[in-house]
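Enquirer: Take the sequence shown: its position 109, counting from 1, is numbered 109 in full-length UniProt numbering, and each next residue is one higher.
C-beta atoms are modelled at their ideal positions from N, C-alpha and C, and glycine is treated no differently.
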Amino acid sequence: MSPLRSSGTHKVKALRDRLIRINPSVDVKTLQITLGGQESAKSMAGALEQLGNCDLLIDATAEPTAFNMIASVATRKKVPMVWVEVFAGGIGGIVARSRPDIDPVPLAARAQIVTWCQDQNVEWVRPIAGNPYEQQNAEGTPQIASDAEISIMAGHATRFATDLLSRPIGSIFPMSAYVVGFSSEWLFGQPFDTRPIDLQPAGAWGGTAEELEPGAVLRLLNEHLSPSET
């Protein structure tokens, strides 16, 4: 489906239509809900429970609240998770995975990634206030993430996803997190400069498998979201 045809359409509907055009017999179920948003506890509980029944969870929101909620479901139900994000200004991006009982649980993995970035001792290029997709380079020139950078990182996430589904234990990827550069900014020496991150097992996978009741949603929020996010 062309971008013009899906213009003005919600992403979940556009993706559903795209999948059906690729394979008319595919069975697609969409949920249009904001994780952590102003939704009813009952609606949120139902959405999270359905996520827990999936074979793989993918977070492409770059939203901490959504990540934490998806990560909590992945950890509780022992479902593999992939997440992807494009850095401000399109200077690069990160793609990572968490496989049950192999990799650290998603929240621990993200903490290790943050620590790795801090250990590089290279000052982060700050985004322009109010726009997470923009940043300024050393000369003060604005840089904006484009569809090209987003498409590249989406492709990397797709490779992680298909690898996970086809090889639940083995993998063609020796590391579970990669930082990919698109310009000579931050710690990247040149475009397509890629840095692997060796994630170490941490955290306990699994937990109660009962269905989530509305009250359990509040407990998940309290357990997995920081005070500033709740």
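From what residue to what residue does the alpha helix (DSSP H) around M69 run?
Expert: Within the sequence shown, residue 69 is the residue found at index 69, counting from 1. Segment P64 to K77, the alpha helix (DSSP H) holding M69.
Enquirer: Quick one: what's A85 bridged to in DSSP?
Expert: Stepping through the sequence shown from its first residue, residue 85 is reached at position 85. The identity of residue 85 in the sequence shown is Glu, whereas the question assumes Ala. I94, per the DSSP bridge assignment.
Enquirer: Indicate the three-state DSSP secondary structure (helix, strand or coil) for I20 in the structure shown.
Expert: The sequence position of residue 20 within the sequence shown is 20, counting from 1. Reduced to three states, the DSSP call for I20 is helix.
Enquirer: Which residues does DSSP pair with I58 in a beta bridge?
Expert: In the sequence shown, the residue the question calls residue 58 occupies position 58. DSSP lists V82 as partners of I58.
Enquirer: What's the call for F67, buried or exposed, on a 16-neighbour Cβ count within 10 Å?
Expert: Locating residue 67 in the sequence shown gives position 67, where the first residue counts as 1. Looking at its Cβ environment, which holds 16 or more other Cβ atoms inside 10 Å, F67 is buried.
Enquirer: Looking only at its chain, what residues have a beta carbon closer than 8 Å to the beta carbon of Q200, apart from the 5 residues adjacent to it on each side?
Expert: Position 200 of the sequence shown, counted from the first residue, corresponds to residue 200. Same-chain partners within the cutoff: P104 and Q112.
Enquirer: Locate the alpha helix (DSSP H) running through I150, then write down its first and last residues.
Expert: Locating residue 150 in the sequence shown gives position 150, counting from the first residue. Run containing I150: D147 to S166, per the alpha helix (DSSP H) assignment.
Enquirer: Spatial neighbours of P24 within its chain, please: C-beta separation below 6 Å, excluding the five flanking residues on both sides.
Expert: Within the sequence shown, numbered from 1, the residue matching residue 24 stands at position 24. Contacts found: none.
Enquirer: For the beta strand (DSSP E) that contains V26, what are its first and last residues?
Expert: Counting from 1 along the sequence shown, the entry for residue 26 is found at position 26. Counting along the chain, V26 falls outside any beta strand (DSSP E), and DSSP gives it neither H nor E.
Enquirer: Taking C-beta to C-beta, are R21 and T30 nearer than 8 Å?
Expert: Within the sequence shown, residue 21 is the residue found at index 21, counting from 1. Within the sequence shown, residue 30 is the residue found at index 30, counting from 1. Going by C-beta atoms, R21 is not nearer than 8 Å to T30.
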